[in-house]
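Visitor:
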Amino acid sequence: MKTNLSREHRRILEATAAQARSAAETGAARALQALAVGASTAPAHLTDGQKKLRVRLRAHGRALGDDLRQDDTQSIDHLVAEIAYEHWHRMLFARFLAESDLLMHPDGYPVSLSDCKADAEDGPGRFDPPARSEWEVAGHYASRMLPNVFRPDSPALALQLPLETEQALEALLARLPTTVFQANDSLGWSYQFWQAPKKQEVQRQMKQAGTKVGADELPAVTQLFTEQYMVAFLLENALGGWWQGRHPEQPLPVDMPYFRKVDDGSPAAGTFPAWPASLADFRLLDPCLGSGHFLVSALHYLVPIRCATEHLSVAAAVDRVLAENLHGLELDARCVEIAAFALALAAWRYPDEQGQPLGHRPLPRLNIACVGVAPRSKKADWLTLADGDRLLEAGMAALYTLFQKAPELGSLIDPMATIRGDLLDAQWEELASRLEQALAGHDDDADSEARVAALGMVYASRILTRRYHLVITNPPYLGAGQHGPMLKDFCEEHYKAAKGDIANVFLERSLKLCAPGGSVSFVMPQNWLFLKSYQKQRQHLLNHATWNLLARLGEHGFESTDAAGAFTILLTLTHTKPGDGQMLRGIDASAPKSSDEKATSLANDMVVAVSQQQQLTNPDARVLLEDLGSGPLLSQIADFGKGSSTGDRPRFLRGFWEMAFLTANNAPWLDSPIEKQVWSGREHVTTVPLNTSQLREQLGCWLRGHNLWGRPGVAVNKMRGLEPFLYAGETFDDNVGIIAPKDAIYLPAIWVFVRSGEYLESVRKIDHKLNVTAATLTKVPFDLAHWQQVATERYPNGLPKPYSDDPTQWIFHGHPKPANDPLQVAVARLLGYCWPAESDAEMELSDESHAWIARCQDLAGLVDDDGIVCLPAVRGEAAAVDRLRALLARAFGTDWSAARESQLLRDAGCDCLPLAQWLRDKFFEQHVTRFQKRPFIWHVWDGHKEGFSALVNYHLLTREKLNTLINLYLGDWITQQRRAVDAGNADATLKLAKAEALKARLEAILEGEPPHDIFVRWKPLHQQPFGWNPDINDGVRMNIRPFVETGVLRINRAKVGIKWGVDRGKDVASAPWFKLGPSYGEPEGTRINDHHSTLAEKKAAREKAKAGT
1 MKTNLSREHR
11 RILEATAAQA
21 RSAAETGAAR
31 ALQALAVGAS
41 TAPAHLTDGQ
51 KKLRVRLRAH
61 GRALGDDLRQ
71 DDTQSIDHLV
81 AEIAYEHWHR
91 MLFARFLAES
101 DLLMHPDGYP
111 VSLSDCKADA
121 EDGPGRFDPP
131 ARSEWEVAGH
141 YASRMLPNVF
151 RPDSPALALQ
161 LPLETEQALE
171 ALLARLPTTV
181 FQANDSLGWS
191 YQFWQAPKKQ
201 EVQRQMKQAG
211 TKVGADELPA
221 VTQLFTEQYM
231 VAFLLENALG
241 GWWQGRHPEQ
251 PLPVDMPYFR
261 KVDDGSPAAG
271 TFPAWPASLA
281 DFRLLDPCLG
291 SGHFLVSALH
301 YLVPIRCATE
311 HLSVAAAVDR
321 VLAENLHGLE
331 LDARCVEIAA
341 FALALAAWRY
351 PDEQGQPLGH
361 RPLPRLNIAC
371 VGVAPRSKKA
381 DWLTLADGDR
391 LLEAGMAALY
401 TLFQKAPELG
411 SLIDPMATIR
421 GDLLDAQWEE
431 LASRLEQALA
441 GHDDDADSEA
451 RVAALGMVYA
461 SRILTRRYHL
471 VITNPPYLGA
481 GQHGPMLKDF
491 CEEHYKAAKG
501 DIANVFLERS
511 LKLCAPGGSV
521 SFVMPQNWLF
531 LKSYQKQRQH
541 LLNHATWNLL
551 ARLGEHGFES
561 TDAAGAFTIL
571 LTLTHTKPGD
581 GQMLRGIDAS
591 APKSSDEKAT
601 SLANDMVVAV
611 SQQQQLTNPD
621 ARVLLEDLGS
631 GPLLSQIADF
641 GKGSSTGDRP
651 RFLRGFWEMA
661 FLTANNAPWL
671 DSPIEKQVWS
681 GREHVTTVPL
691 NTSQLREQLG
701 CWLRGHNLWG
711 RPGVAVNKMR
721 GLEPFLYAGE
731 TFDDNVGIIA
741 PKDAIYLPAI
751 WVFVRSGEYL
761 ESVRKIDHKL
771 NVTAATLTKV
781 PFDLAHWQQV
791 ATERYPNGLP
801 KPYSDDPTQW
811 IFHGHPKPAN
821 DPLQVAVARL
831 LGYCWPAESD
841 AEMELSDESH
851 AWIARCQDLA
861 GLVDDDGIVC
871 LPAVRGEAAA
881 VDRLRALLAR
891 AFGTDWSAAR
901 ESQLLRDAGC
911 DCLPLAQWLR
921 DKFFEQHVTR
931 FQKRPFIWHV
941 WDGHKEGFSA
951 LVNYHLLTRE
961 KLNTLINLYL
971 GDWITQQRRA
981 VDAGNADATL
991 KLAKAEALKA
1001 RLEAILEGEP
1011 PHDIFVRWKP
1021 LHQQPFGWNP
1031 DINDGVRMNI
1041 RPFVETGVLR
1051 INRAKVGIKW
1061 GVDRGKDVAS
1071 APWFKLGPSY
1081 GEPEGTRIND
1091 HHSTLAEKKA
1101 AREKAKAGT
């Protein structure tokens, strides 16, 4: 029995596929450019054969989606991708065949790669163009063996790649271990890895620029190879149940380790009584075929069953299963090719009665088709394919309408719902036969592309109009927010209750594809079982479909990193109303943390049973595999709140420490908490008032939870463990949810309940989403009297008032002594920074906080007066370490000692460093980390450990202060070094050079020419800073860039960790830099940050704005 790829071989295949795609696409582009395929006219030097091929390639490109422009030039992006794919996969498939001794000469005898090499050397006239290696010969032979995979007249394969490209691909193919070609799942992984670069690029655009998914993006972004244990579990519980219902006394004819039964021995999923008694009449469909994984696996179950029940030979059973049982549809034409090859390979490899492979032989026509190709020609031209036949013309017209949206809808196309009359009444076989005849003899005709497409549409439509006993698939996962306009409108119109994810839409569509009593088996996201937005779909399906079996996998069900964060289920439903007392059987395999462990859980863990009807009484009709419990819900005494989003976080939110002080413009913004801290999540503030139009009108801004603002409550981090912390009425982010009691007297009881493990368990029963929905937080049973008693015992004096020793919290008192990072706090105080709690008289704080705030006054006399503290002694000021030590000594009072200083350094991870060295080498690095890559104390230095070095309070670093730093502080240091040089001090020469170089770099920042300028993407050019004139409101990230770019900070760019790439989201057309994206290879509206403007450009823009033009 063949096994699956090991992790090591997956990595090898992944790396090889990525390199092959890059090489093949580069070679394909060069080959197309040599023929001027994208140009408006053919070069004169082309031969007649090359000109004909060029015409065919242009036609093929248009069929794939390349644009023919008004000047007759044509894009070639789709064509490049197609040619690269075809050439690499022809070679890959040839090796699959060769490694299984299945590669056949056109004359009907087997050949090895050595034979192919001999044919390449001995028969140069046999191939046109001549084959240059054994791999080209093997590819030609594989093409002839697989006409359903590689079109015999394919212009993509008629184009020869450059020799160096062929050689590079051959080298990549040769390095793949033989084991790769013997594994069951290699073909599926190979295409997932081929698609990975495209998928990553689409996901990047979706994340950063808000790009929606359309026809070009859909195949790549939804590509996800299904794990074998998932396929086996669904097939075994369907086919195993059918077998036991028809042959209860006979053992299974094939091993089914995932076939589960309940205590009385009956199948957990049922026996599927409406299915045919004989599998000769059984039809199975995978409407999202992918690489054919479900069909190939089904072949291995159905063949032994049909051999046992119909007394067929293995070869006959294989043929009948292919011809009668297995059907597949797929939007991606390449997946169809891989699936066709996978089925053919499985059929030829299938062991006969003696355990030997059946070997190569003609196979029945496979019932699989591409359902993602749209007519590319005008309708009038399309109808000419009917050659004047009125019946065919009516059918062709219907096809034209039906498949217009095929590239985005795929199997969602429904002929039964879309078209009535001519198409469904037409004679399908006659239509197909006529089209096949029309194709004959037209290999060089540009219309051949349309004819091939039409034939495929006919075949796909026939599969779509049939009805099936089992529809089984792993559908694409794509939330509504990522749908392109056409897909969004379609789902809204036809599948309103399921529109939240295309997977749910496919579930509804698949039920329509079922025969009466037919079933669907799906691998799909689990969140729809409990999200409020799917309540109507759940209610409908609980009332109108029989729920057979549900396996909850949770996270980590897939090996692939592409599925990171995906929470999945395995679900089987039957298209018939549930009977009285219908029990939903289920297995909870969500706890294991790997796919191997989950597979074991599915095979061995307990099967539970819950009433299907009872699910309708759960909150929002959520589907649960456990008893929720009884009693009043928390929602009876508390309200929940859904949080807010600014739509542009880098623009509208700041760490409060990025501001010198807070004003009425800076609204506190509650965010995710710090673990185990009762009062936390208090790090950010807004840059503008909440009621300002620039915030409220921002695309993606949602200010919610107004009814909870100003009320006390419990905040809950919505991710994973639901970390609770106390809420004091602030505006809160959508990362958290709020539970606010309707009467404040209930707050202590709610607090102790939410902190208990019982609350987490209750919430996770009804919501398994990684980040729970806010509405879920109060939909759990709550025993008020019990928790009031617990609260009284734990908090006899009431809940704790706001207090924090964390300097990243705005409620921090500001004193170094109790702080969790005393050294950072002390340096900040030395440079003149004060925390918001010290000056906000209205902020609610504990008595302890107020006491520490009062003690901060004792440190005021040691604070620097201009926000510049040099590490060496300069301008008559003491060295920074002496000043810092003095402040620490006053802060700690009688508790200060050399031992205390050593302890603080150990706590800072610098056990072996003296305070001066920590200040020089470690302070700024730790400061950047502590304040989340938004440092407000900057460490400027000249690059010499004994050279000039200064700590600067960014809030005070105006243009005037930068001049002070350059000319007074650094100037004094330079004067000292010049005197030392004059005195013959050899070390001073290097120090002087370093200091003068620093001076030049700081002066460049002061001037502000690129790359030493500041760029703020939400400000028009005339409002950009002119030289060093920062707007503190723009934030550290924007303003620190020239200091990082010039290398004047103590740590390098990588350690600073600030990036000025592309921000998430997409700007509206009125944004000042909306059109900047294409200059950086990005779409318009992309939020570009790493842009530079000259002073001349800014000056011209200012003059233009001043003149009002």
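For the sequence shown, the positions run 1 to 1109 when full-length UniProt numbering is used.
Where a beta carbon is used, it is the ideal one built from N, C-alpha and C, also for glycine.
Looking only at its own chain, which residues have a Cβ that is under 6 Å from the Cβ of Val149, when we skip the five neighbours before and after it?
Guide: Start at 1 with the first residue of the sequence shown, and residue 149 comes out as number 149. Hits under 6 Å: Glu337, Ala340 and Phe341.
Visitor: Distance check for Ala315 and Ala171, CA to CA, integer angstroms please.
Guide: As a first step, residue 171 is located in the sequence shown; it is residue number 171 there, counting from the start. As a first step, residue 315 is located in the sequence shown; it is residue number 315 there, counting from the start. So the alpha carbons of these two residues sit roughly 37 Å apart.
Visitor: Is Lys999 helix, strand or coil when you go by DSSP?
Guide: Start at 1 with the first residue of the sequence shown, and residue 999 comes out as number 999. Helix.
Visitor: What is the rounded straight-line gap between the Cα of Gly647 and the Cα of Gly1065?
Guide: Residue numbering aside, residue 647 sits at position 647 when the sequence shown is read from its first letter. Residue numbering aside, residue 1065 sits at position 1065 when the sequence shown is read from its first letter. Distance between the alpha carbons of Gly647 and Gly1065: 7 Å.
Visitor: Residues in its own chain within less than 7 Å of Lys1099 by CB, not counting five upstream and five downstream?
Guide: Here residue 1099 refers to the residue found at position 1099 of the sequence shown. Excluding the 5 residues flanking it on each side, Lys1099 has no same chain C-beta neighbour closer than 7 Å.
Visitor: Closest by CA to Val213, which one among Val688, Pro407 and Met583?
Guide: Residue mapping note: residue 213 aligns to position 213 of the sequence shown, counting from 1. The candidate whose alpha carbon is nearest that of Val213 is Pro407.
Visitor: Can you tell me which of the three DSSP states His442 falls into?
Guide: As a working mapping, residue 442 is identified with position 442 in the sequence shown. Only weak support exists for where His442 lies, its pLDDT of 45 falling under 50; the coordinates are left without a value.
Visitor: Can you tell which of Arg349, Lys117, Glu330 and Leu279 has its C-alpha closest to the C-alpha of Thr309?
Guide: Within the sequence shown, numbered from 1, the residue matching residue 309 stands at position 309. Of the listed residues, the one whose Cα sits closest to Thr309 is Leu279.
Visitor: Between which residues of its own chain and Ala440 is the CB-CB distance below 8 Å, once the five residues before and five after are set aside?
Guide: Position 440 of the sequence shown holds residue 440. With a pLDDT of only 47 at Ala440, under 50, the local geometry of the prediction cannot be trusted, and no value is derived from it.
Visitor: In terms of residue numbering, what span does the alpha helix (DSSP H) encompassing Cys370 cover?
Guide: Taking the first residue of the sequence shown as 1, we reach residue 370 at position 370. Counting along the chain, Cys370 falls outside any alpha helix (DSSP H), though it belongs to the beta strand (DSSP E) covering Asn367 to Cys370.
Visitor: Would you check if the distance between the CB atom of Ala740 and the CB atom of Gly641 is smaller than 8 Å?
Guide: Here residue 740 is taken as the residue at index 740 of the sequence shown, counted from 1. Here residue 641 is taken as the residue at index 641 of the sequence shown, counted from 1. Yes.
Visitor: By a C-beta neighbour count over all protein chains shown, 10 Å radius and 16 as the cutoff for buried, is Ala785 buried or exposed?
Guide: Here residue 785 corresponds to residue number 785 of the sequence shown, with the count starting at 1. When all chains shown are included, Ala785 counts as exposed.
Visitor: Can you give me the start and stop residues for the beta strand (DSSP E) that Trp938 sits inside?
Guide: The residue labelled residue 938 in the question sits at position 938 within the sequence shown. Unbroken beta strand (DSSP E) run through Trp938: Ile937 to Trp941.
Visitor: Counting along the chain, where does the beta strand (DSSP E) carrying Arg1087 start and finish?
Guide: Taking the sequence shown and counting its residues from 1, the one referred to as residue 1087 is at position 1087. Note, Arg1087: beta strand (DSSP E), Thr1086 to Ile1088.
Visitor: Would you kindly check if the distance between the Cβ of Pro162 and the Cβ of Arg30 is under 8 Å?
Guide: Start at 1 with the first residue of the sequence shown, and residue 30 comes out as number 30. Start at 1 with the first residue of the sequence shown, and residue 162 comes out as number 162. The answer is yes: Cβ separation under 8 Å.
Visitor: Count the other CB atoms, across all protein chains shown, that sit within 10 Å of the CB of Gln354; report buried if there are 16 or more and exposed otherwise.
Guide: By one-based count along the sequence shown, residue 354 stands at place 354. That one is exposed.
Visitor: DSSP state of Tyr468, grouped into three classes?
Guide: In the sequence shown, counting from the first residue as 1, residue 468 sits at position 468. Strand, per DSSP.
Visitor: Smallest Cα separation from Asp864: which of Val981, Ala826, Leu103 and Thr574?
Guide: Position 864 of the sequence shown holds residue 864. Nearest C-alpha to Asp864: Ala826.
Visitor: Cα separation between Ser40 and Leu46?
Guide: Residue numbering aside, residue 40 sits at position 40 when the sequence shown is read from its first letter. Residue numbering aside, residue 46 sits at position 46 when the sequence shown is read from its first letter. Taking the straight line joining both Cα atoms gives about 14 Å.
Visitor: Under 8 Å between C-beta atoms, does Gly971 make it to chain C?
Guide: This model lacks chain C altogether; it includes just one protein chain.
Visitor: Please state whether DSSP places Met524 in a helix, a strand or coil.
Guide: Counting from 1 along the sequence shown, the entry for residue 524 is found at position 524. Three-state result, Met524: strand.
Visitor: Where Leu402 and Pro1025 are concerned, what is the direct C-alpha to C-alpha distance, given to the nearest angstrom?
Guide: Start at 1 with the first residue of the sequence shown, and residue 402 comes out as number 402. Start at 1 with the first residue of the sequence shown, and residue 1025 comes out as number 1025. If I take the Cα positions, the gap works out to 56 Å.
Visitor: Which of helix, strand or coil does DSSP assign to Ala826?
Guide: Locating residue 826 in the sequence shown gives position 826, counting from the first residue. In this structure, Ala826 counts as helix in the three-state DSSP scheme.
Visitor: By a C-beta neighbour count over all protein chains shown, 10 Å radius and 16 as the cutoff for buried, is Arg144 buried or exposed?
Guide: In the sequence shown, residue 144 corresponds to position 144, counting from 1. Exposed: under 16 other Cβ atoms inside 10 Å.
Visitor: Taking only the alpha-carbon atoms, compute the straight-line gap between Pro1042 and Phe948 and give it to the nearest angstrom.
Guide: Translated into positions along the sequence shown, residue 1042 becomes position 1042. Translated into positions along the sequence shown, residue 948 becomes position 948. Whole-angstrom Cα-Cα distance: 19 Å.
Visitor: Does the separation of the CB atoms of Ser590 and Arg552 fall below 8 Å?
Guide: Position 590 of the sequence shown, counted from the first residue, corresponds to residue 590. Position 552 of the sequence shown, counted from the first residue, corresponds to residue 552. Contact: yes.
Visitor: Select from Gly943, Gln1023 and Ile1032 the residue whose C-alpha is nearest the C-alpha of Arg1001.
Guide: Within the sequence shown, the letter at position 1001 stands for residue 1001. Looking at the Cα atoms, Gly943 is the closest of the given residues.
Visitor: Run the CB neighbour count on His850, radius 10 Å, all protein chains shown included, and call it buried at 16 or more, exposed below.
Guide: Residue mapping note: residue 850 aligns to position 850 of the sequence shown, counting from 1. Burial call: exposed.
Visitor: Please state the DSSP three-state secondary structure of Cys912.
Guide: Start at 1 with the first residue of the sequence shown, and residue 912 comes out as number 912. DSSP, read as helix, strand or coil, puts Cys912 in coil.
Visitor: Hey, out of Pro415, Arg390, Pro516 and Leu409, whose CA is closest to Leu399's CA?
Guide: Along the sequence shown, read from residue 1 onward, the residue named residue 399 stands at position 399. Taking only the C-alpha atoms, the option nearest Leu399 is Pro415.
Visitor: For Met104, list the residues DSSP reports as bridge partners.
Guide: On the sequence shown, residue 104 is found 104 positions in, with the first residue counted as 1. BP columns for Met104 point to Pro110.
Visitor: State buried or exposed for Leu187, treating a residue as buried only when at least 16 other CB atoms are found within 10 Å of its CB.
Guide: In the sequence shown, residue 187 corresponds to position 187, counting from 1. A residue is called buried when at least 16 other Cβ atoms come within 10 angstroms of its Cβ; Leu187 meets this threshold and is buried.
Visitor: Helix, strand or coil for Ser638 per DSSP?
Guide: What you label residue 638 is simply residue 638 of the sequence shown in a count that begins at 1. As written in the sequence, residue 638 is Ala, which differs from the Ser given in the question. Here Ala638 sits in strand by DSSP.
Visitor: Below 8 Å on the Cβ atoms is my guess for Trp348 versus Leu102; work out the distance and round it to an integer in Å.
Guide: Within the sequence shown, numbered from 1, the residue matching residue 348 stands at position 348. Within the sequence shown, numbered from 1, the residue matching residue 102 stands at position 102. Between Leu102 and Trp348 the Cβ distance is about 5 Å, and since that is below 8 Å, they are a contact.
Visitor: Quick check on this structure: which residue in Ile966, Ser1079, Ala774 and Asp1090 has the alpha carbon closest to the alpha carbon of Trp941?
Guide: Mapped onto the sequence shown, residue 941 falls at position 941. Out of Ile966, Ser1079, Ala774 and Asp1090, Ile966 has the C-alpha closest to the C-alpha of Trp941.
Visitor: Can you check DSSP and say which residues form a bridge with Leu329?
Guide: Locating residue 329 in the sequence shown gives position 329, counting from the first residue. Answer is Ala369.
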